[in-house]
Every structure is written in C-alpha cells, then in structure tokens.
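So the structure is just underneath, and the comments pick up after that.
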Amino acid sequence: MKLTTLAAAVLSLSTGLAMAQSVVTIAHVGPTSGAIAHLGKDNENGAIMAVEELNAAGVTIGGQKVTLKLMTEDDAADPKQGTAVAQKLADAKVAGVIGHLNSGTSIPASKIYSDAGIPQISPSATNPKYTRQGFKTTFRVVADDTQLGGTLGKYAVKTLKGKAIAVIDDRTAYGQGVAEEFSKAVVAAGGTIVAKEFTTDKATDFNAILTTIKGKKPDVVFFGGMDAVAGPMLRQMKSLGISAKFMGGDGICSTELVKLAGDAVTDNQVFCAEAGGVEGKAKEGMEDFKKKFKAKFGADVQVYAPYVYDSVKIMVAAMVKAGSSDPAKYLPALAATKDFKGVTGPIGFDAKGDIIGGALTLRTIKGGKLEELAVIR
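Residue numbering for the sequence shown follows numbering that gives the first Met the number 0, beginning at 0 and increasing consecutively.
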C-alpha cells in the first residue's frame, strides 16, 4: 500500500470516528399508541421541538460540536412494554432518557436505567415511589402525588364545601397513588369518604360503580386516572343524573377531556390540578412556547409537552457543563441542577431527584375550555 493511500485510509477512519462521536442520542418514551396516545404524542412533540431548537442553535460538548439525535419509543402505557423498551434503550447505550409518561411505566423502567447508569427524567410521572427507590439516575420535573392529591383533597373540602366524597381509581400506579393522597387530605380537612370504587385504565362502562356511588349522594366524585376514561365516565354520570363536582389530577387536566366529555360537562363542574405551572412574567414564555408548538405541529399543547421540552434542555445543559455526554460523567452535573430557567419555571433537583418547590395549577372547565384558577407552590 502506498503511503498516500495509507494516509488517506487513516484520515478516512479518523473522520468516520469523529463523525460517530459527534452524534449524541437521547431517547424519548411515551404512549404513542392506545387510549392516551394523544398525550404520548404531545410529549414526543415537546422532545422533537427541543432537539431541533438545540441543533439549530448549535451544541458544543467538551470542545466538540455535536448533533443531537432523538430516538423515540412507544410504551403504550403498559408496564411490560415499558420495561421491554427500557431494556432496548439500555442495550443501545443511549446517553439519556426523557420519559416515561405514566408512573406505571416509569417506575419499573427506572430500575433498568439505574442498572445501566442511564439518567432518566420523567416529565409527568407523579407517584412518589418513582424517586424514592434510591436510584441516582432518576429525576422528575413536576410535583408528586403527595402534593397534588393533597392539594385537591383540601380544595374539595375547604373550597368546594364537599362533605360526602366518592373516590374512584383506575388501579394504575398513578391512579391509585393520587386517589390515596386525595383521600388522606379529605379526611384531614374534615370531609368524609362515602364510597371507594375502582375500574381499569381501559374500561368504558361505569354504570355499576356509578349507580352504587349515586346511592351515597356525594357532593364530589374524584377520579384517579386519565382523560380517556374520565370523558366517558362524565357522560355516564350525566345520564344517571349525578350532578356532583368531578375532580382529578393532571391525568384528566387536558384539552382532550373537553372533547371526550362533550356536553356532559357544565361550567365549574370539573376541577383538576396540573403538576406544574407558571406565574407572573413566566406566563409570557409559556404562551410563546404554546404558539410555537401549535405553529409547528398544528395542535394545541395537551398537558406535558412543555415539561418534556424543558427536560431535554436540562439534560443537554448538564452534558455541556460536564463537558461530556457520557452518563457517568454528566450525571453529577444533572443532579446538581438548581436554577435552570425553563418555560415551565425554575427547575432544580433535591437529593431524591424531585423538583424543588414544584408548582401546581388548579383548573376548571368553563365555556368548553380549561381555565386557570390558581398556581400553588
């Protein structure tokens, strides 16, 4: 082999290695199929938007310009599929994972990411257990069910003046968790739980449990679950003549609920809390995000897209600060995040990986739209 040919081969090899090293793969996982695919796609779009913006602006890590690549996976909101996807991402040695959407998928997947040393930021999993397993790789950017369910329980008794309260959950980690915290707060505030019923996250017929609940004459019905179930439930409540206030967590706090429930919802009947929220001047940034999002995807933000967007940017900021996309090297920088200025507000993590001072936004449906009542920290 001639020297020039050898030199060309070496140059070609080194160029190929440089190109390989310049791509940093971040994964997003959410349910992009199934009953809550609209929420999963909303999340995925938030990740797409963040990655495209970062690539357009240019990202330099450790003195080298990099291109971010987004790997997207569907967990169908199913724990088994969620763990299968997590193992796939661990085997692929992705630099980090944004997801999963549901607590029921995020919790089992977190063990796999922890074992692989891959940082995971959930934009929406609210079950307290998620960050209380002792994993150093686990983070979330929203308040948990202790705060969310507790706030709603107190609101049901103190503000809505609910005395007799019925609780339904969908048997998922999220649904059971938020319903349990809500129930504890109701009792602590002086209210009475007159019925506890459960369904599944795929159910469509609630007549049996609603008939039982109707006999208890509740002032408030709380549902721990997602909008895909809450919509049909509200319709059946109306057909049975149940006029109680209807409450739920962030799982029902979506624009899709208005469509799913249709004319079964009257003004100020539905109350929910989104695990996040912005106040004052920060609202301008959130509104700007929503406008850009709609212009890009032709759809309104459902709930979590801004939190996914911030999660991607926080993860990449940690890589830049650490000068490396190697999970072992940038994980300490991610854990040390204290005042990241996101579109969802300031973000910092405590020792467990929970957001510090997480906000809650209380909303109601009025005039066929979700309307903000208050932001609580």
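Note that CB positions come from ideal geometry on N, CA and C, so glycine has one too.
Among the options, nearest to residue i - alpha-carbon criterion
i, options, result
"ASP299", "GLU286, ALA55 and MET318", "GLU286"
"LEU233", "ALA260, VAL220, ASP338 and GLY322", "ALA260"
"PHE222", "GLU180, GLY189 and LYS216", "GLU180"
"PRO118", "MET318, GLY247, GLU371 and ALA294", "MET318"
"VAL193", "GLY248, ALA172 and VAL166", "VAL166"
"THR360", "GLY214, ALA274, LYS312 and LYS216", "ALA274"
"GLY148", "VAL28, PRO30, GLY248 and GLY29", "GLY248"
"GLY95", "LYS162, SER323 and ILE251", "SER323"
"LEU69", "ASN206, VAL307 and THR210", "VAL307"
"VAL58", "LYS312, GLY344, ILE354 and GLN175", "LYS312"
"MET236", "ALA83, ALA172 and LYS216", "LYS216"
"THR377", "THR191, MET246 and ILE212", "Outside the displayed span of the chain (0 to 376) sits residue 377, for which this structure offers no information."
"GLU52", "GLY352, ALA332, VAL374 and PHE288", "PHE288"
"THR265", "LYS368, THR71, GLY152 and GLY116", "LYS368"
"VAL342", "VAL220, GLY33, VAL302 and ASP309", "ASP309"
"LYS258", "LYS282, ASN101 and PRO231", "PRO231"
"LYS244", "ALA207, GLY152, TYR173 and LYS328", "GLY152"
Backbone CA spacing between residue i and residue j [nearest angstrom]
i, j, result
"GLY366", "VAL315", "40 Å"
"LEU239", "ASP200", "21 Å"
"VAL93", "LYS128", "24 Å"
"GLY45", "TYR112", "22 Å"
"ALA321", "GLU255", "40 Å"
"MET48", "PRO305", "10 Å"
"ALA178", "THR125", "12 Å"
"ALA142", "THR130", "11 Å"
"GLY62", "ALA294", "34 Å"
"PHE205", "ASP218", "18 Å"
"ALA36", "PHE296", "15 Å"
"ALA26", "VAL84", "10 Å"
"LYS291", "GLY344", "18 Å"
"ALA76", "ALA334", "27 Å"
"ASP347", "THR136", "The amino acid at residue 347 is misidentified as Asp; the sequence shows Gly. Between GLY347 and THR136, the C-alpha separation is close to 15 Å."
Coil, strand or helix - residue i by DSSP
i, result
"VAL220", "strand"
"GLY357", "coil"
"THR210", "helix"
"MET318", "helix"
"ARG376", "coil"
"GLN301", "coil"
"HIS37", "helix"
"PRO231", "helix"
"SER32", "coil"
"ASP143", "coil"
"LEU159", "coil"
"GLY261", "helix"
"PRO345", "strand"
"ILE117", "coil"
"MET225", "coil"
"VAL277", "coil"
Per-residue burial, residue i [other beta carbons within 10 Å of its own, 16 or more giving buried]
i, result
"GLN20", "Low local confidence applies: a pLDDT of 49 at GLN20 is under 50, so the model's placement there is unreliable, and no value is given."
"GLY357", "buried"
"ASP338", "exposed"
"ARG139", "buried"
"ARG376", "exposed"
"ASN42", "buried"
"PRO326", "buried"
"GLN132", "exposed"
"SER242", "exposed"
"GLY262", "According to the sequence as given, residue 262 is Asp; it is not Gly. ASP262 is exposed by the Cβ-count criterion."
"GLU72", "buried"
Proximal residues to residue i (C-beta, below 7 Å), its chain only, five neighbours per side dropped
i, result
"THR363", "ASN267, VAL269, PHE270, GLU370 and LEU372"
"ASN54", "THR66 and LEU67"
"PHE134", "SER109 and SER113"
"GLN146", "GLY357 and LEU359"
"HIS99", "VAL28, GLY29, ASP74, GLY81, SER105, ALA108, SER121 and ALA124"
"GLY276", "ALA358, LEU359, THR360 and VAL374"
Contact test: residue i Cβ vs the ligand ATP heavy atom, cutoff 7 Å
i, result
"ALA91", "With respect to the ligand ATP, the structure shown offers nothing to examine, as it has no ligands at all."
6 Å Cβ shell around residue i - same chain, five flanking residues per side excluded
i, result
"PRO78", "GLY103, THR104 and PRO107"
Cutoff 8 Å; reference residue i; Cβ partners in own chain excluding five residues on either side
i, result
"LYS162", "VAL156, GLY190, THR191 and ASP218"
"ILE251", "PHE222, GLY224, MET225, ASP226, ALA229, VAL269 and CYS271"
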